[in-house]
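What follows is a short report on a single structure.
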Amino acid sequence: MSQTKIPVDLILNRLAESTEEVKEKVQKASEVLLGSLETDISQTPNEIVYQEDRVKVKYYKPEKIKHKIPLLVVYALINRETMLDLQPGRSVIQNFLESGMEVYMIDWGYPKRKDQFVTIDDHVNGYMDNIIDFIRKKHDLAKINLMGICMGGSFCVMYSALHPEKIKNLVTTVTPTNFDTDKGLLHIWMKNTLAEKMGPTYGNMPADIMNLGFLLLNPARLIIDKYVGFFENMDNKKFVENFVRMEKWIFDSPDVPAATFKQFIEDCYKKNLLIQSKLELNGKRVDLKKITMPLLNFYGKYDHLVPPEACNLLTKMVGSQDSEDICLDTGHIGIYVSSKCQKEFAPKISKWLKEREGDEITEAVAKTQPLKKNSVKKYQKKIDAKQ
Amino acid sequence: MEQQSDQNQEKETMDMTKMFEMWLKSAMNFWGNMPRMQPDENMMFNFFPKQQKGSSYQAQQTWDRGTKIAGALAAMLSEPENLDAMFKATDTVPEFIMKISRQVWEGYFEAQKNWTERAVRIGKHEKAYCFDDLDQETFQMLREIYEKEFQRYFYIPQIGLTRFYQERANKAVDKYNLFQTSLSEFIYMFYVPMEKSMAVMQEKIKDMLEKGEISDNYKEYYSMWIKILEGHYMKLLQSPEYSQVMAKTIQSLVEYRSARDEMMYDILKNLPIPTNRDMDELYKEFYELKKKVRELSRKMEEQK
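Chains as they are written, first to last, in our numbering: chain A, 1 to 387; chain B, 388 to 691.
Right, here's the structure in full:
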């Protein structure tokens, strides 16, 4: 019987070398960590142009305006919209600005206990409607472009179905609309637990518990491997800066208003009403067939939070004749922050929106008056006749 | 023969009872006469007349009353029927303690039996990526023991002025215990893949050793282990067992939190501070008012 060869001498040599490497790494790491680090996020200049309760709207102005219709970006209530402007070189907002597009972005703020009664209807038909009216009035437009991210995309879908007369083009990214799938862990968990009870118990759905839940989706990678990787690259200044920026964003989570969270879990995750056009907001049914404007729908192939099966039914259920699905080889966040997707994602959206701006600038009623439904209908007939 | 020994025993019991009676009577006489035997300080020192007021007089009065009560008790106990009743009552105390102890021990032995069986299973080969034999029975058993033996004590009907407060406090303690059990089970579930992945790694290293494919790079082993661990967690997190445990944990957390908040409200309402409950009522009113104002503003704008 041959003896098993264990290269003990090699192992010991290797250990001795690694100890030397570790010592150098630690020295370098301490210089990096104790030195100045650029870890600020959301650095693109913007102006707060609207505020209602805790909700603000940021306006990003490009150097040269090449798009006639501005874009309103609606982020999810979970985590913060700062992810779209994480760092120079990985900023969706900057990409939009470089293409000459004016961008408005909703900052949902940090809900407090007093916001626990705010419903999905309040977010969609309250805050969003007021913001869109504000932008329309500011630009003298009947319609604007709307883009949603994740749960924000779900809100945009609801809004577009209820107010199609105000939306020119709709872009949805990693947006869950079909919740009847077992491909994502969140879908399995939300269906089998009473998570919706936590909101009312705590006042709002606590961000810390949600963060913990997201970490538990893949504990091996998100709790262990991620930080092992960090310790291995602690001596690399660029790596540390990128890592810290991502950490800042990922754990900067607001609570979710209890009423909104409860309805989202019950009506979407459990009953899957949205894709069936049976969801109701304050008695008004969200009929997806009423989404007749052009629709561009992005999702990630390796998205473990919102799997492709949760996104790819939308284009089949809307009434729009101009809709497109784009599946990128990335995960939930990679669409916005990976350097590869930066070249595909934002430029594609800019180009797609530009192609659908229409022949001329849209007309509107007097600046002092909000656009009425009658005048919108008359105006729409005018445009249709011209087309 | 047996009858004689019974008679002897009875005679012995009666003698002991008589002795106890005599002892009680003498004790009663002694303590009853004690205050009278105490010298009068005023007479001793002959300075001041006997005071009917003052703390020393009150103390003496209290002492007199106490000894009279003791004397009355002793007289009552010296009656044979009363003595019998007292001995019977003291007999029941050990019986009661025995019953409680038996319940506790039975529960403990059952748990120990389960732990021993589990210890035997540890020695056997662990199946990788398999979560069918998760030892949830231990937690289930703990929960059952708690619900069967101890939980009911927290729901004994309370009486008196503070009954509602006591009920809520007991409920909070009960819900806390249930939550702790669920949480332990939940945390245990996350430990299981670690154990299994280590076992799989050991097997893999053993195979590599036998084939002579052992590497000197620790990173390779780490990458191997993290991949195995990730696979185990993915399998676990998708399993219905995990969903059930998570559901139970969330449910027990919510119930505990509600019960605890109810109890805290009882404590806090005596302090001059507003509670969450008070603020929530205000917030609700603000929310409804704001909504109404927005609706009316919108209608007014549309009519312009």
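A virtual CB, placed ideally from N, CA and C, is assigned to each residue, including glycine. Note that the structure is a prediction, hence the values are computed from the model and not measured.
Item, Value
"Whole-angstrom Cβ separation of G152 of chain A and V92 of chain A, contact assumed at under 8 Å?", "Contact doesn't hold; Cβ gap of about 13 Å is too wide."
"Is it the case that the Cβ atoms of S160 of chain A and M293 of chain A are separated by a distance below 9 Å?", "yes"
"Any beta carbon of chain A sitting closer than 9 Å to that of S569 of chain B?", "no"
"Would the segment 157-172 of chain A count as touching the segment 348-358 of chain A if we require 3 or more Cβ pairs under 8 Å?", "yes"
"With distance defined between alpha-carbon atoms, name the residue in A:N178, A:E324, A:G213 and A:V118 nearest to P200 of chain A.", "A:V118"
"Rounded to whole angstroms, what's the CA-CA distance from V365 of chain A to Q690 of chain B? Just pull it up for me.", "For V365 of chain A, the predicted structure reports a pLDDT of 33, less than 50, and the residue's modelled location is therefore unreliable. The matter cannot be settled from this model."
"Could you tell me if R550 of chain B is buried or exposed, where buried requires 16 or more neighbouring beta carbons within 10 angstroms of its beta carbon?", "exposed"
"Could you give the residue range of the alpha helix (DSSP H) that holds Y159 of chain A?", "M151 to L162"
"Flag N469 of chain B as yes if its beta-carbon sits less than 9 Å from any beta-carbon of chain A, otherwise no.", "no"
"What residues from chain A crowd round S645 of chain B, counting only those whose CB sits closer than 7 Å?", "T201"
"Going by the CB atoms, is the gap between N178 of chain A and P399 of chain A shorter than 9 Å?", "Residue 399 of chain A lies beyond the residue range present for chain A, which begins at 1 and ends at 387; the question has no answer from this structure."
"On a Cα-Cα basis, can you pick out the residue from A:L216, A:Q263, A:Y299 and A:K191 that is closest to K270 of chain A?", "A:K191"
"List, in order along the chain, the chain B residues whose C-beta lies closer than 8 Å to that of L194 of chain A?", "A634, I637, Q638 and V641"
"Against L624 of chain B, what residues of chain A qualify as contacts under a CB-to-CB distance less than 9 Å, listed in chain order?", "L185, I188, W189, L216, L217, N218 and P219"
"Just checking my contact of R90 of chain A with V337 of chain A at CB under 8 Å: how many whole Å lie between their CB atoms?", "5 Å"
"Taking any Cβ of chain B, which residues in the segment 237-256 of chain A have a Cβ under 8 Å from it, in chain order?", "none"
"Among the residues of its own chain, which have a CB less than 7 Å from the CB of I135 of chain A, if the five just before and after it don't count?", "P70, L72, Y104 and I144"
"Return the CA-CA distance between K114 of chain A and E642 of chain B, expressed in angstroms with no decimal places.", "22 Å"
"Please check if any C-beta of chain A sits within less than 9 Å of the C-beta of K455 of chain B.", "no"
"Report the neighbours of F666 of chain B on chain A: residues whose CB is nearer than 7 Å to its CB, in chain order.", "The question names Phe, yet the displayed sequence has Met at residue 666 of chain B. By Cβ distance, chain A contributes R113."
"Can you tell which of B:A414, B:G494 and B:P481 has its C-alpha closest to the C-alpha of I456 of chain B?", "B:A414"
"If you run the structure through DSSP and keep just helix, strand and coil, what is T477 of chain B?", "helix"
"Using a Cβ cut-off of 7 Å, pull out every chain B residue sitting near D225 of chain A, in sequence order please.", "I613"
"What span of residues does the beta strand (DSSP E) with E98 of chain A cover, start to end?", "Segment V92 to E98 is the alpha helix (DSSP H) holding E98 of chain A; no beta strand (DSSP E) there."
"Please tell me whether G126 of chain A has its Cβ less than 9 Å away from any Cβ of chain B.", "yes"
"Going straight from the alpha carbon of S323 of chain A to that of G148 of chain A, what length do you get?", "15 Å"
"Closer than 9 Å, Cβ to any Cβ of chain B: which residues of the segment 32-55 of chain A, in chain order?", "D53"
"Could you tell me which chain B residues have their CB closer than 7 Å to the CB of F179 of chain A, listed as they occur along the chain?", "Result: empty, since nearest Cβ-Cβ is about 16 Å, beyond 7 Å."
"When you compare the CB of K678 of chain B with every CB in chain A, is at least one pair closer than 9 Å?", "yes"
"May I have the straight-line CA-CA distance separating I48 of chain A from S42 of chain A, to the nearest angstrom?", "14 Å"
"So what does C327 of chain A bridge to, in DSSP terms?", "A:Y299"
"By a C-beta neighbour count over all protein chains shown, 10 Å radius and 16 as the cutoff for buried, is F417 of chain B buried or exposed?", "exposed"
"Would you say R14 of chain A lies against chain E (beta-carbon separation less than 9 Å)?", "The chain inventory of the structure shown lacks chain E, comprising the protein chains A and B."
"In the DSSP assignment, find the unbroken alpha helix (DSSP H) run with N169 of chain A in it and report its ends.", "From DSSP, N169 of chain A is part of no alpha helix (DSSP H) but of the beta strand (DSSP E) over I167 to T173."
"Unbroken beta strand (DSSP E) runs of length 3 or more, entirely within the segment 53-111 of chain A: which are they?", "55-60, 71-74, 85-87 and 103-107"
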